[in-house]
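**Student:**
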Amino acid sequence: MTQESITRNFLDTPSFWRDYPERDIEFVRWYPCDVKPLSAEQIYATREKFPKTTSFYVHIPFCNQVCTSCPYNKFSTRNTLVQRYIQALKNEIDLYSQLPHVRDTVFTSGYFGGGTPTTLRAEELDDLLGFMKQRLNFSPDCSITIESTPIDVDQQKLDVLLKHGVNRMSLGVQTFHDPLLRYLGRARAHTGESATKTIELIDRSGLENLCIDYMIGIPGQTADLWAQDIRTLMDLPVTSFSVYNYAVMPGSEVFFALQSGATPPCPSTREADEMYQYLHTTLMDAGYLALTYNDFIEPMKPEWEAAGVKTYPVLKDGSKPYRGLETDTFYLTDHLSQIWGRCGDMVAIGSGAYGYLNNHMYLNEPDIESYISRCNEGRLPVVMGAYTDEHEQRCRSLVLGLKLLRVKRSVYRERHGVDPYEYFKDKVDDLVAKGLLEVDDEAIQVTYPKGWYYIDNISKSFYSDANYRLPQPTSASTEILKWQIDRTDGRKGLPIVQL
Ligand SMILES: C[S@@+](CC[C@H](N)C(=O)[O-])C[C@H]1O[C@@H](n2cnc3c(N)ncnc32)[C@H](O)[C@@H]1O
Ligand code: SF4
1 MTQESITRNF
11 LDTPSFWRDY
21 PERDIEFVRW
31 YPCDVKPLSA
41 EQIYATREKF
51 PKTTSFYVHI
61 PFCNQVCTSC
71 PYNKFSTRNT
81 LVQRYIQALK
91 NEIDLYSQLP
101 HVRDTVFTSG
111 YFGGGTPTTL
121 RAEELDDLLG
131 FMKQRLNFSP
141 DCSITIESTP
151 IDVDQQKLDV
161 LLKHGVNRMS
171 LGVQTFHDPL
181 LRYLGRARAH
191 TGESATKTIE
201 LIDRSGLENL
211 CIDYMIGIPG
221 QTADLWAQDI
231 RTLMDLPVTS
241 FSVYNYAVMP
251 GSEVFFALQS
261 GATPPCPSTR
271 EADEMYQYLH
281 TTLMDAGYLA
291 LTYNDFIEPM
301 KPEWEAAGVK
311 TYPVLKDGSK
321 PYRGLETDTF
331 YLTDHLSQIW
341 GRCGDMVAIG
351 SGAYGYLNNH
361 MYLNEPDIES
371 YISRCNEGRL
381 PVVMGAYTDE
391 HEQRCRSLVL
401 GLKLLRVKRS
411 VYRERHGVDP
421 YEYFKDKVDD
431 LVAKGLLEVD
441 DEAIQVTYPK
451 GWYYIDNISK
461 SFYSDANYRL
471 PQPTSASTEI
481 LKWQIDRTDG
491 RKGLPIVQL
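As structure tokens, then:
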């Protein structure tokens with residue numbers, strides 16, 4: 001095992017800021033990052049202009065099989081906790097439904113993430129979705145996604161999901177190679193064959209958009225195995241596709257197995273980069289449309305075109321016919337567009353969930369028992385967050401908007417009253433000089449392939465001074481911040497916010 005291959009993920013994982021020409025690999029997901037204690041009352045202390053449409057994120061922190069080296073906020077399925085948690089979710093939804101802002105808005109998209117939301121039984125999913133639809137206004141074509149693994153879906157659950165308008169499933173396949181699944185600690189959960197059977201079952205059910213997740217950087221993964229996985233993907237009835245960079249959590253079983261040599265090494269950084277290049281060229285040569293640098297959707301269909309779905313050239317010089325999808329022209333990608341493109345409101349529901357309401361980014365209580373208690377006491381479980389003033393909103397629209405590879409200047413002007421190029425001229429000019437962005441009258445666009453490679457460096461270039469060099473907030477950092485505040489209560493004058 002070479003030093004390069006074993007150190008790649010261990011060293012890369014904790015790093016959160018690298019300056020160009022070093023590649024920043026911390027995935028930018030939230031903005032702003034300078035979160036502080038925040039209460040639901042503070043979010044609504046001023047009534048700013050409330051948008052007419054919004055989205056939701058519901059966190060279901062349970063899995064039937066907990067994988068070694070999983071970085072997410074989740075627990076093994078335990079029945080009493082699951083039922084208490086669902087009741088707390090319903091209490092939280094009820095509280096939101098009484099707020100004027102949420103009561104009067106229409107939900108155009110939503111996402112059930114985890115953990116694995118489909119670990120809930122069919123009756124539990126039916127109960128939760130039915131409750132939400134009763135309390136909140138869903139648009140008729142509301143696009144709803146649910147995350148799953150190949151072992152947590154069956155016909156009964158699919159029937160319930162379809163009945164409630166769920167039209168997208170994000171299925172964690174990771175790879176179709178059984179030895180690699182074993183190295184990931186997922187082999188007890190599923191095999192390549194069982195994943196294929198589940199995909200066929202979902203396809204037969206008529207679900208509109210099946211997205212599968214793969215990971216790059218898995219122990220034992222080689223260029224050949226990756227190429228086979230891409231071919232398999234293209235042969236299966238899969239509408240869209242996302243790829244994650246595998247991160248090895250220090251102290252996890254996978255970490256020790258790698259150190260002892262019990263599993264083969266992870267691909268080196270160079271090998272992982274080549275896998276990305278292979279993925280991009282293979283999919284776009286076949287006509288797949290880019291949503292982000294790591295999300296793609298099937299080639300344009302006549303019915304999409306007829307419905308007004310628009311694309312743009314990835315390469316302005318036309319040297320290749322690669323196209324990207326304008327996510328705001330397609331209801332199936334409304335959630336992506338709402339979160340990243342429009343930077344719109346998102347009601348966060350569940351322990352450890354993140355949301356954005358009334359110009360505040362906020363995080364819910366990550367400790368599950370505290371979360372349950374708060375909801376049962378009739379208090380919204382908001383604990384941390386940050387207000388975004390007009391300058392921060394302008395930054396945010398580029399920090400998140402450019403993750404979709406393109407920001408339309410007219411849309412930005414309409415939202416912020418200024419042109420993004422004029423407002424950030426020095427920063428944009430610098431990124432153009434580095435070959436990472438291109439600007440024309442219509443849009444600011446990330447260059448392919450160079451800008452795609454540096455996507456998170458580009459995104460972070462638009463962090464405000466207050467957020468410069470701050471890491472992305474996580475549930476763990478929320479816990480640490482809460483702990484620090486609890487310990488310094490009254491002594492250092494840090495506020496304890498009672499919600
Ligand atoms: C929250 S999971 C949801 C799906 C489901 N829980 C699963 O694992 O199949 C979303 C995705 O995160 C990715 N993921 C899981 N462990 C990871 C890790 N250690 N590093 C990076 N991505 C990871 C997988 O691609 C997974 O499908
Ligand atoms: S199924 Fe997904 S969320 Fe659950 S433990 Fe495995 S990787 Fe984590």
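Count the sequence shown with the UniProt record's numbering and you get residues 1 to 499, in order. Note that CB positions come from ideal geometry on N, CA and C, so glycine has one too.
Taking HIS360 as the reference, which of HIS190, VAL35, TYR448 and LYS427 has the closest Cα?
**Tutor:** For the residues HIS190, VAL35, TYR448 and LYS427, the minimum Cα distance to HIS360 belongs to VAL35.
**Student:** Nearer than 6 Å: is that true of the beta carbon of LYS240 relative to any heavy atom of ligand 1?
**Tutor:** The question names Lys, but residue 240 in the sequence shown is Ser. No, ligand 1 has no heavy atom inside 6 Å of this Cβ.
**Student:** In whole angstroms, what is the alpha-carbon distance linking THR282 and GLY417?
**Tutor:** Roughly 40 Å separates the two Cα atoms.
**Student:** State the DSSP-derived secondary structure class of residue 500, mapped to helix, strand or coil.
**Tutor:** In the structure displayed, the chain extends from 1 to 499; residue 500 sits before or after that span and is not available.
**Student:** Please classify ASN91: does DSSP put it in a helix, a strand, or coil?
**Tutor:** Residue state, collapsed to three classes: helix.
**Student:** Could you check if PRO71 belongs to the surroundings of ligand 1, using beta carbon to heavy atom distance under 6 Å?
**Tutor:** Yes; taking the cut-off as 6 Å, the Cβ of PRO71 has a heavy atom of ligand 1 nearer than that.
**Student:** Indicate, with yes or no, if ligand 1 has a heavy atom lying under 6 Å from the CB of residue 500.
**Tutor:** Past the boundaries of the shown model lies residue 500; the chain is included only from 1 to 499, so the question cannot be answered.
**Student:** Sorry if obvious, but does the Cβ on VAL28 come closer than 6 Å to a heavy atom of ligand 2?
**Tutor:** No, the Cβ of VAL28 stays beyond 6 Å of every heavy atom of ligand 2.
**Student:** Alpha carbon to alpha carbon, how far is ILE458 from ASP419?
**Tutor:** Answer to the nearest angstrom: the Cα atoms are 18 Å apart.
**Student:** So the alpha helix (DSSP H) GLU22 belongs to, where does it begin and stop?
**Tutor:** That residue, GLU22, is in no alpha helix (DSSP H); it is neither H nor E in DSSP.
**Student:** What residue range does the beta strand (DSSP E) around CYS211 cover?
**Tutor:** Looking at the DSSP string, the run of the beta strand (DSSP E) that includes CYS211 is 209-216.
**Student:** Starting from the C-beta of TYR20, find all residues in its chain whose C-beta is less than 7 Å away, skip the five residues before and the five after it, and write them out in chain order.
**Tutor:** Result list for TYR20: LYS434, TYR454 and ASN457, in chain order.
**Student:** Whole-angstrom Cβ separation of GLN472 and ARG29, contact assumed at under 8 Å?
**Tutor:** GLN472 to ARG29, Cβ: 6 Å. Contact.
**Student:** Tell me whether CYS211 counts as near ligand 2, meaning its Cβ is closer than 6 Å to at least one heavy atom of that ligand.
**Tutor:** No, the beta carbon of CYS211 sits no closer than 6 Å to any heavy atom of ligand 2.
**Student:** Does the beta carbon of THR281 fall short of 6 Å from some heavy atom of ligand 1?
**Tutor:** Outside the cutoff, so no.
**Student:** How close, in whole Å, do the beta carbons of CYS266 and GLY217 come, if the pair is a contact with beta carbons under 8 Å?
**Tutor:** Confirmed, about 5 Å.
**Student:** Comparing C-alpha positions only, which one of SER370, ARG270, SER351 and SER373 sits nearest to LEU363?
**Tutor:** For the residues SER370, ARG270, SER351 and SER373, the minimum Cα distance to LEU363 belongs to SER351.
**Student:** Mind checking THR80: buried by the 16 CB within 10 Å criterion, or exposed?
**Tutor:** With fewer than 16 Cβ atoms within 10 Å of its Cβ, THR80 is classed as exposed.
**Student:** When burial is assigned at 16 or more other CB atoms within 10 Å of the CB, is LYS197 buried or exposed?
**Tutor:** Result: exposed.
**Student:** In three-state DSSP terms, what is LYS320?
**Tutor:** It is coil, neither helix nor strand.
**Student:** In whole angstroms, what is the alpha-carbon distance linking ALA195 and VAL428?
**Tutor:** Going from the Cα of ALA195 to the Cα of VAL428 covers about 44 Å.
**Student:** Within the segment 276-337, note down every full alpha helix (DSSP H) run reaching 4 residues or more, in order along the chain.
**Tutor:** Qualifying alpha helix (DSSP H) stretches, in chain order: 302-306.
**Student:** Is the Cβ of PHE256 closer than 7 Å to any Cβ of chain E?
**Tutor:** The displayed structure is made up of one protein chain only, and chain E is not part of it.
**Student:** Helix, strand or coil for ALA262, going by three-state DSSP, please let me know.
**Tutor:** If DSSP states are grouped into helix, strand and coil, ALA262 belongs with coil.
**Student:** In chain order, what residues of the same chain lie with their CB nearer than 6 Å to the CB of PHE138, ignoring the 5 residues before and after it?
**Tutor:** Excluding residues within five positions, the ones whose Cβ falls inside 6 Å are PHE107.
**Student:** Expressed to the nearest angstrom, what Euclidean distance is found between the alpha-carbon atoms of LEU120 and ILE146?
**Tutor:** Looking at the two C-alpha atoms, the distance is approximately 11 Å.
**Student:** Rounded to the nearest angstrom, how far is the Cβ of LYS157 from that of GLY115, given a contact under 8 Å?
**Tutor:** At roughly 15 Å, the Cβ-Cβ gap does not stay under 8 Å, so LYS157 and GLY115 are not in contact.
**Student:** From the DSSP secondary-structure annotation, give me the bridge partner or partners of GLN174.
**Tutor:** Answer by DSSP bridge pairing, in chain order: TYR214.
**Student:** When DSSP builds the beta bridges, which residues end up paired with HIS59?
**Tutor:** Beta-bridge pairing links HIS59 to GLY113.
**Student:** Mark LYS403 as exposed unless 16 or more other C-beta atoms lie within 10 angstroms of its C-beta, in which case mark it buried.
**Tutor:** The residue is buried, with at least 16 neighbouring Cβ atoms inside 10 Å.
**Student:** Using the C-alpha atoms, what's the distance from MET249 back to GLU26?
**Tutor:** Each residue's Cα considered, the two are about 14 Å apart.
**Student:** Between the segment 235-254 and the segment 182-192, are three or more C-beta pairs nearer than 8 Å?
**Tutor:** Yes, the segment 235-254 is in contact with the segment 182-192.
**Student:** Count the other CB atoms within 10 Å of the CB of PRO366; is the residue buried (16 or more) or exposed (fewer)?
**Tutor:** With 16 or more Cβ atoms within 10 Å of its Cβ, PRO366 is classed as buried.
**Student:** Buried or exposed: GLU305, going by 16 or more other Cβ atoms within 10 Å of its Cβ?
**Tutor:** That one is exposed.
**Student:** Please report the residue range of the alpha helix (DSSP H) in which ALA195 lies.
**Tutor:** Taken as a continuous stretch (DSSP letters only), the alpha helix (DSSP H) holding ALA195 covers 192-205.
**Student:** Within 10 angstroms of the Cβ of GLN87, are there 16 or more other Cβ atoms? Answer buried if so, exposed if not.
**Tutor:** The residue is exposed, with fewer than 16 neighbouring Cβ atoms inside 10 Å.
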